[in-house]
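A.B. asks: So that we are looking at the same thing, I have put the structure below in structure tokens.
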């Protein structure tokens, strides 16, 4: 059975987030810390502006009140993602560097030390970052880092790109190709944990692509159980790839909520934990 077929059409997604993670603001882009179990996510205005990184800890009484992320800077920040061992975190930011507040979103990386504390975040160099915007950095099992960008040289208005660190501090980058990109907007690629497929978001919908011997297959639009109103964004896989979370404006006064596509594997783990 193809992994990519399992969670996409089996059942309608259910709203997973509850207070205090859920609020009157827009919650999106969840990422679970593999070492602590903490939930990192993005909170923004109901209009999806002013993005900030938040963290909630699972305690004996359930999820705690979200706080500013320990790596937070002074800019707009979003799209957190952890390496499998929990030692590396990627995110995007407009934070100040060398006394300059940046207008464009760039990809940043930060390492966790042996003492469990986060070290100083680093802005990734060109060609990962460009004079344009970068979004949603997501590593694939084969070593490529996928992300969205509106840089020049793509197929459309925004494209999916990928980059690889071929030696320490030196990167190569390339467009992810015409199977994933169109003349319009593509910006959030999420390679599955086993690298066999990915959901990706465009201007108003989620699509999927399978990995083949010749690269990524032409993308296919997911059904109405996922694409309900065009606000879907910020997907995150379970470690197995059988389940995933994403955000949607539920259009019922709650703004953006986290929805679960349930692969019937008990993920996310209940909080408080048993």
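Residue numbers (UniProt numbering): 1 to 274.
Each residue gets a CB set at the ideal place from its N, CA and C atoms; glycine is no exception.
Since this is a predicted model, take the numbers as computed values, not measurements.
1. Beta strand (DSSP E) containing residue 181: first to last residue?
2. If you draw a straight line from the C-alpha of residue 9 to the C-alpha of residue 72, how long is it?
3. Report yes if the CB atom of residue 66 is closer than 8 Å to the CB atom of residue 43, and no otherwise.
4. Return the chain-ordered ranges of every beta strand (DSSP E) run that is complete within the stretch 106 to 166 and spans a minimum of 3 residues.
5. State the Cα-Cα distance for the pair residue 277 and residue 217, rounded to the nearest angstrom.
6. Which residues share a DSSP beta bridge with residue 58?
7. Quick one: what's residue 101 bridged to in DSSP?
8. Can you find a CB in chain C that lies within less than 8 Å of the CB of residue 177?
9. If you draw a straight line from the C-alpha of residue 175 to the C-alpha of residue 254, how long is it?
10. Can you tell me the Cβ-Cβ gap for residue 107 and residue 129, rounded? I've got them flagged as a contact below 8 Å.
11. Three or more C-beta pairs under 8 Å: does that hold for the stretch 82 to 98 against the stretch 135 to 155?
12. Out of curiosity, what's the CA-to-CA distance linking residue 41 and residue 98?
13. Rank 206, 169, 168, 193 by C-alpha distance to the C-alpha of residue 181 and give the top, closest one.
14. Applying the 10 Å Cβ sphere with the 16-neighbour rule, what's the burial state of residue 221?
15. Tell me, please, whether the stretch 101 to 121 touches the stretch 152 to 159 by the rule of three or more beta-carbon pairs shorter than 8 Å.
16. Tell whether a beta-carbon distance below 8 Å holds between residue 179 and residue 219.
17. Run the CB neighbour count on residue 203, radius 10 Å, all protein chains shown included, and call it buried at 16 or more, exposed below.
18. If you follow the beta strand (DSSP E) that residue 170 is part of, which residue opens it and which one closes it?
C.D. replies: Taking the coordinates as given:
1. Element bounds for residue 181: n/a, residue is neither H nor E.
2. Residue placement at residue 9 cannot be trusted, given a pLDDT of 45 that sits under 50; what the coordinates show is reported in the next sentence. Cα to Cα, the separation comes out at about 36 Å.
3. yes
4. 106 to 111, 134 to 139, 145 to 149
5. There is no way to answer for residue 277, as the model of the chain reaches only from 1 to 274.
6. 63
7. DSSP lists no partner for residue 101.
8. Within the model displayed, chain C is absent; a lone protein chain is all it includes.
9. 37 Å
10. 6 Å
11. yes
12. 27 Å
13. 206
14. exposed
15. no
16. yes
17. exposed
18. 170 to 175
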